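Visitor:
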Amino acid sequence: MASTLIKRARNAIPAPSWTAKGAENMKGEDMWLDNDDIRPLKLADRTWNLWTYLTFWFSATATVSNWYAASSAQALGLSMWESLGCATGGQVLIAIVIVLNGRAGAKYHMLVLPVNRSPFRSGFPILNRASFGVFGAWWPTFNRAVMAIVWNGVNAVQGGQCVYVMLHALTPKIAHIKNVMGEGSALDSGGMIGFAIFWVSTCFFLVIPVPKMKGLVYAKLIVFVISAIAMCAWTITKAGGIGEVARQPGTAKGSERTWLLIRFFFLGAANCATFASNAADFQRYATKPNDVILGNLLGFPISNLIVSIVGNLVAASSVKQTGTLIWNPITYLDSLQLTSYTAGNRAGCFLIAGCFAYSAIFSSIFENSLPAGNDIAALFPKYLSVRKGFFVCAILSFAINPWYLLGSASIFISFLASYQIFLSSITGVLLCHYYIITRGYLEINDLYTSRKDGVYWYFHGWNWRAYLAYIVGVAPNFYGFLNNMGVSAPGGVTKAYYFAYEIGLFASFFTYWAACWVSPPALMVPLGEWREPRDY
Numbered sequence: 001m002a003s004t005l006i007k008r009a010r011n012a013i014p015a016p017s018w019t020a021k022g023a024e025n026m027k028g029e030d031m032w033l034d035n036d037d038i039r040p041l042k043l044a045d046r047t048w049n050l051w052t053y054l055t056f057w058f059s060a061t062a063t064v065s066n067w068y069a070a071s072s073a074q075a076l077g078l079s080m081w082e083s084l085g086c087a088t089g090g091q092v093l094i095a096i097v098i099v100l101n102g103r104a105g106a107k108y109h110m111l112v113l114p115v116n117r118s119p120f121r122s123g124f125p126i127l128n129r130a131s132f133g134v135f136g137a138w139w140p141t142f143n144r145a146v147m148a149i150v151w152n153g154v155n156a157v158q159g160g161q162c163v164y165v166m167l168h169a170l171t172p173k174i175a176h177i178k179n180v181m182g183e184g185s186a187l188d189s190g191g192m193i194g195f196a197i198f199w200v201s202t203c204f205f206l207v208i209p210v211p212k213m214k215g216l217v218y219a220k221l222i223v224f225v226i227s228a229i230a231m232c233a234w235t236i237t238k239a240g241g242i243g244e245v246a247r248q249p250g251t252a253k254g255s256e257r258t259w260l261l262i263r264f265f266f267l268g269a270a271n272c273a274t275f276a277s278n279a280a281d282f283q284r285y286a287t288k289p290n291d292v293i294l295g296n297l298l299g300f301p302i303s304n305l306i307v308s309i310v311g312n313l314v315a316a317s318s319v320k321q322t323g324t325l326i327w328n329p330i331t332y333l334d335s336l337q338l339t340s341y342t343a344g345n346r347a348g349c350f351l352i353a354g355c356f357a358y359s360a361i362f363s364s365i366f367e368n369s370l371p372a373g374n375d376i377a378a379l380f381p382k383y384l385s386v387r388k389g390f391f392v393c394a395i396l397s398f399a400i401n402p403w404y405l406l407g408s409a410s411i412f413i414s415f416l417a418s419y420q421i422f423l424s425s426i427t428g429v430l431l432c433h434y435y436i437i438t439r440g441y442l443e444i445n446d447l448y449t450s451r452k453d454g455v456y457w458y459f460h461g462w463n464w465r466a467y468l469a470y471i472v473g474v475a476p477n478f479y480g481f482l483n484n485m486g487v488s489a490p491g492g493v494t495k496a497y498y499f500a501y502e503i504g505l506f507a508s509f510f511t512y513w514a515a516c517w518v519s520p521p522a523l524m525v526p527l528g529e530w531r532e533p534r535d536y
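This is how it looks when you write it as structure tokens:
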């Protein structure tokens with residue numbers, strides 16, 4: 001009797017499944033190409049309008065990581081206004097690429113399976129299959145996933161620093177914990193406690209469905225704006241007023257200054273290479289395809305400019321306050337406690353750091369966890385949903401020891417400039433395929449099948465034309481990439497690498513066009529036609 005009841009109870013409990021929802025209906029190689037999460041987005045989930053995209057960018061850029069990029073230019077010798085001009089110019093360029101590369105994600109509503117007749121939209125990992133092949137898309141998707149995971153780790157370090165400042169405001173003892181971290185780490189032992197708390201907090205928010213995060217995103221924007229203005233006003237007042245701060249000249253002169261201007265202008269574009277490559281992931285949520293145009297062209301550069309102004313003012317004020325430029329705003333915030341551990345300073349630091357930590361959580365989710373989750377689910381659709389991909393990203397971003405990437409301004413800049421050569425070459429192929437080769441047309445059903453008669457089968461699922469273009473785009477910049485990683489190289493190689501993103505983008509674009517002209521793929525639309533469907 002008892003054994004029968006136990007057996008029934010055991011049978012009533014569903015066995016855990018490692019197969020992602022939707023993948024169980026696939027057979028053979030198709031199990032590695034499809035599940036419910038990586039199919040194009042359902043109509044009911046397309047809720048973002050022009051206002052949403054404008055506020056999304058203000059929210060996405062409302063994080064201290066954007067202060068880092070702008071203030072690091074000051075740390076190397078540019079003035080505040082030169083730093084702002086370079087960053088804004090580069091971001092205007094990349095905003096254009098974001099709009100162009102996300103067009104397919106925003107535009108396409110397609111019927112994927114006959115059992116579900118709702119219109120859908122698709123994102124970056126699946127769009128890769130159109131140009132690189134249904135299996136060849138794994139490599140560019142892996143590339144983008146790596147970048148998103150690394151950025152997720154960097155953002156977690158910044159969030160951990162914010163939590164540390166909060167803990168330091170509560171008790172001075174955390175600053176005296178024995179440091180066991182290695183040389184070059186941006187975090188000491190106390191900072192690692194903050195990192196762990198921030199990391200766990202972010203994981204809690206990852207369980208909320210993305211379409212339901214609207215209110216939290218708006219709250220994040222409000223919280224960051226208030227805290228950023230508060231810190232800016234506080235530090236400028238301590239430095240003697242905005243005039244004293246804004247009039248400080250740069251220290252670089254002559255040709256050194258010229259090359260710094262060039263370097264940071266193009267770095268303004270390169271450090272947003274992930275946004276450009278994964279544009280379809282965000283634009284797929286659009287209610288109307290054209291909502292994303294102004295939302296991105298205006299929202300992205302303007303939001304970055306505002307955050308950069310605040311970040312540069314804070315960094316410049318540190319010179320007047322301490323005698324040296326503190327490029328990391330969180331380090332500067334904590335230094336205010338160290339110099340005067342009063343109740344007022346501690347309360348101010350706690351509140352500002354808390355707001356920064358909250359904003360960092362949602363920047364991490366939307367800028368890194370979401371793209372990485374999409375990519376990881378696309379790499380292993382048989383086993384992983386997008387939500388599982390979020391947590392894989394979280395674990396790997398901890399495992400890569402990201403605290404060593406923020407040890408100094410020069411290390412951070414090297415990190416920003418390094419991975420761009422791979423993403424720019426991928427973006428060039430995607431742009432050429434959609435706008436030149438297929439003239440805006442996608443054969444949706446063939447994106448999810450390994451049938452040999454599918455137009456994206458190419459050669460055993462791999463498009464050699466795309467890989468040729470990718471290699472040609474990476475090759476001219478690879479020596480500079482190695483130099484950025486520590487390999488000695490002539491000065492000319494270093495300077496040529498400043499243009500790496502543009503070189504990779506255009507080289508891969510035109511090489512792919514030429515390869516398709518020499519050996520046309522199965523789906524190639526004449527230039528005189530435009531086959532993109534109407535929005536419906």
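Mapping the sequence shown onto UniProt numbering, position 327 (from 1) lands on 327, and the numbers just tick up by one.
The beta-carbon is built from N, C-alpha and C at its ideal position, and this holds for glycine as well.
The model shown is predicted, which means the values in this text are computed figures rather than measured ones.
1. Could you check the C-alpha separation between residue 359 and residue 344 for me, to the nearest Å?
2. Under a three-way DSSP split, which group does residue 286 fall into?
3. Count the other CB atoms, across all protein chains shown, that sit within 10 Å of the CB of residue 268; report buried if there are 16 or more and exposed otherwise.
4. Pick helix, strand or coil for residue 81, following the three-state DSSP scheme.
5. With DSSP as the reference, label residue 459 as helix, strand or coil.
6. Helix, strand or coil: which one does DSSP assign to residue 199?
7. Per DSSP, what are the beta-bridge partners of residue 138 in this structure?
8. Give me, in chain order, the residues of the same chain whose beta-carbon lies closer than 7 Å to that of residue 495; leave out the 5 immediate sequence neighbours on both sides.
9. For residue 103 versus residue 283, is the C-beta distance shorter than 9 Å?
10. Skipping 5 residues on each side, what residues in its chain have a beta carbon closer than 8 Å to that of residue 249?
11. Provide the residue(s) that pair with residue 48 in DSSP beta bridges, ordered along the chain.
12. Is the Cβ-Cβ distance between residue 205 and residue 57 less than 9 Å?
13. For residue 308 and residue 339, I'd like the C-alpha separation in whole angstroms.
14. Tell me which same chain residues have a C-beta within less than 6 Å of the C-beta of residue 303, skipping the five on either side of it?
15. Kindly indicate which three-state DSSP category residue 530 falls into: helix, strand or coil?
16. Kindly provide the ranges of any alpha helix (DSSP H) runs that are 4 or more residues long and lie completely inside the segment 158 to 241, ordered along the chain.
17. Is the CB-CB distance between residue 53 and residue 291 below 9 Å?
18. Using the Cα positions of residue 7 and residue 460, report the straight-line distance between them to the nearest angstrom.
19. Per DSSP, what kind of secondary structure is residue 443 in: helix, strand or coil?
20. Pull up the distance between the alpha-carbon of residue 273 and that of residue 87, whole angstroms please.
21. Express the C-alpha separation of residue 200 and residue 190 in angstroms, rounding to a whole number.
22. Candidates 522, 402, 500: which alpha carbon is nearest residue 442's?
23. In the DSSP assignment, find the alpha helix (DSSP H) that holds residue 454 and state where it starts and stops.
Guide: This is what the structure gives:
1. 23 Å
2. strand
3. Buried, since its Cβ has 16 or more Cβ neighbours within 10 Å.
4. Residue 81 sits in a helix when the DSSP states are folded into three classes.
5. strand
6. Three-state result, residue 199: helix.
7. Per DSSP, none; premise fails for residue 138.
8. Result list for residue 495: 259, in chain order.
9. yes
10. Closer than 8 Å at Cβ, skipping near neighbours: 79.
11. 286
12. In this structure, residue 205 sits away from residue 57, with a CB-CB distance that is not shorter than 9 Å.
13. 26 Å
14. 57, 58, 61
15. coil
16. Runs found: 189 to 205, 214 to 239.
17. Contact: yes.
18. Because residue 7 sits at a pLDDT of 36, beneath the cut-off of 50, its placement in the model cannot be relied upon, and the following sentence gives the value as read from the coordinates. Between residue 7 and residue 460, the C-alpha separation is close to 48 Å.
19. Three-state DSSP puts residue 443 in coil, outside helix and strand.
20. 14 Å
21. 16 Å
22. 522
23. Taken as a continuous stretch (DSSP letters only), residue 454 belongs to no alpha helix (DSSP H), as it is neither H nor E.
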